[in-house]
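A quick write-up on the structure given underneath.
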Amino acid sequence: MTMNVKPVPTLDERINDIRMRTAEIVNTWILPYERTLWPQREGAELAEADRRRAYELREEVQQRVRQAGLWAPHLPVEYGGMGLDFLSHAYMNEVLAYALGAAKLFGVVAPNSGNQRILLKYGTEEQKRKWLVPLIEGTMESGFSMTEPHNPGSDPRSLDTTAVRDGDHWVINGHKWFTSNGIDADFFIVMCRVHDDAGELGRTGQMAQIIVPTSTSGVNVVRGIGIWGRSTSDHCEVIYENVRVPAENILGNVGDGHRAAQDRLGAGRIYHCMNSVGQMWRAFDLMIERATSRQVHGGPLKDKQFIQGFIADSYQDIQAARLMTIHAAEKTDRDDQDARTDISAIKIFVPAAYERVVDRAIQVWGAAGVSNDLPLATMYQGARTLRLADGPDEVHKILIAKNVIHRYESGEGWDFGN
Ligand SMILES: Cc1cc2nc3c(=O)[nH]c(=O)nc-3n(C[C@H](O)[C@H](O)[C@H](O)COP(=O)(O)OP(=O)(O)OC[C@H]3O[C@@H](n4cnc5c(N)ncnc54)[C@H](O)[C@@H]3O)c2cc1C
76 MTMNVKPVPT LDERINDIRM RTAEIVNTWI LPYERTLWPQ REGAELAEAD
126 RRRAYELREE VQQRVRQAGL WAPHLPVEYG GMGLDFLSHA YMNEVLAYAL
176 GAAKLFGVVA PNSGNQRILL KYGTEEQKRK WLVPLIEGTM ESGFSMTEPH
226 NPGSDPRSLD TTAVRDGDHW VINGHKWFTS NGIDADFFIV MCRVHDDAGE
276 LGRTGQMAQI IVPTSTSGVN VVRGIGIWGR STSDHCEVIY ENVRVPAENI
326 LGNVGDGHRA AQDRLGAGRI YHCMNSVGQM WRAFDLMIER ATSRQVHGGP
376 LKDKQFIQGF IADSYQDIQA ARLMTIHAAE KTDRDDQDAR TDISAIKIFV
426 PAAYERVVDR AIQVWGAAGV SNDLPLATMY QGARTLRLAD GPDEVHKILI
476 AKNVIHRYES GEGWDFGN
């Protein structure tokens, strides 16, 4: 089944055109070849020929994406991207995410894409030349190293990896984990607590993000942590032991660390949610495909009221998730301070809705639903993971409640119309 994307009457011609052209590539060049493009999803040991065929096919699709002018929506034109504004990018995401993993074929690869945004915003010209350009050209890989095993990631104030100033260098010591892409990364952006007693007053204890090449002595990638029953992954445990990097590897200034993390996560959460909407859309289509074709107990599944309930509930979940996300994106786009509350709301609601929709689609498909023949099992794990990554639900609930109560205590109610 292909994705049914038609122009949205409320969107301008340019965004509709981008969406239609994205859908054309997804429907024509990605969905029919998913198993060839991503053979590793089958779980079996890959033959060299399959690996090569997959690589060549991915290159071919990427070439088509470039020719269609749809490469790297998150990057400015001068860095080879589409130079898309925030809202257009969000609207494009729900279309490209319909095919699991398609973002990579459009030049958006986490965590590289987040690091690219941070380098663009905080990097010096020299840092951009040294780290951003190779990242964009694909000659380098990167990771973002913030979470620590012995401290709660949901409370970034607890992070205790240190960067001590020693002459022209930072000396970094700490223990991180779940640093994604850690196996292949050429550099990590590491969140550190700075000790700079000789420097400006008050800088000790503040946070900074520092670029650390993985080849530096003392960077020890201990393991790829096994997740979801698999023995390994590229989410790595990393120990930094007396790692010396040049002072100019700091991104922005001492004290910018948390803000840079928020810059990365804030917009990222909206993109993630639009991706989830696209994936829910796919799960929904798959659910209907099975419901209309499978005969059980003397009739098609679609005629059973339990299944009709699944369809109706999923329809509501997708519509609600999508409209909430667009609302948050519009507020973010016009720099509305309340957007922070809406981003937290979608960060809770959308992954949970995504999990419910995929769960129902799996149920409708029966055993096939959990098989590697369909993308549903992977989606299910992804949806569940999203409920704790990038800030778990509880932290976002606290933030919503605080913002709302503050508004009422300052004498105003919440304006749901805006
Ligand atoms: C697949 C995957 C990839 C990841 N990639 C990266 C990466 O590339 N780089 C990186 O730095 N990190 C990464 N992470 C880490 C992720 O950001 C953290 O797991 C997340 O921030 C939560 O931190 P934590 O695991 O330490 O949980 P904790 O902070 O220990 O929280 C555990 C639980 O406690 C509860 N909780 C927390 N605070 C409160 C509260 N105030 N009130 C009530 N309950 C609360 C929540 O239920 C929460 O899930 C990744 C994680 C996963 C699973």
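Numbering (the numbering used here), first residue to last: 76 to 493.
The C-beta atom is built at its ideal place from N, Cα and C for all residues, glycine as well.
heavy atom of ligand 1 below 7 Å from Ser220 C-beta: yes
Three CB pairs or more closer than 8 Å across the region 388-406 and the region 416-429: yes
DSSP-derived helix/strand/coil call for Ala283: Note: Ala283 maps to strand in three-state DSSP.
Cβ neighbour criterion (16 or more within 10 Å) applied to Asn187: With 16 or more neighbouring CB atoms inside 10 Å of its own CB, Asn187 falls in the buried class.
Endpoints, the alpha helix (DSSP H) within which Lys472 is located: Asp468 to Glu484
Beta-carbon proximity check, Asp392 vs Val432, cutoff 8 Å: yes
Burial state of Gln284, where buried means 16 or more other Cβ atoms lie within 10 Å: buried
Backbone CA spacing between Asn478 and Thr460 [nearest angstrom]: Going from the Cα of Asn478 to the Cα of Thr460 covers about 26 Å.
Assigned secondary structure, Pro231 (DSSP; H/G/I helix, E/B strand, else coil): helix
Three-state secondary structure (DSSP) of Phe181: coil
Three CB pairs or more closer than 8 Å across the region 159-173 and the region 90-99: yes
Under 8 Å between C-beta atoms of Glu316 and Trp252: no
Enclosing beta strand (DSSP E) for Met64 [first to last residue]: Outside the shown range of the chain (76 to 493) lies residue 64, about which nothing can therefore be said.
Touching by the beta-carbon criterion (3+ pairs, under 8 Å), the region 255-262 and the region 226-246: no
Check whether Gly155 and Pro148 have beta carbons under 8 Å apart: Their beta carbons are not under 8 Å apart, which means Gly155 does not touch Pro148 by this criterion.
Helix, strand or coil at Asn350 [DSSP, three-state]: helix
Helix, strand or coil at Leu276 [DSSP, three-state]: Residue placement at Leu276 is poorly supported in this model, since its pLDDT is 45, which falls under 50; the coordinates still yield a value, given next. Coil at Leu276, not helix or strand.
For Glu135 and Ala387, the rounded distance between their alpha carbons: 39 Å
Any non-hydrogen atom of ligand 1 closer than 7 Å to Ser302 Cβ: Going by the sequence as given, residue 302 is Ile instead of Ser. With a cut-off of 7 Å, the C-beta of Ile302 is classified as near ligand 1, since at least one heavy atom of the ligand falls inside that distance.
Span separating the alpha-carbon of Glu123 from that of Gln383: Roughly 45 Å between the two C-alpha positions.
Buried/exposed call for Leu361, threshold 16 Cβ in 10 Å: buried
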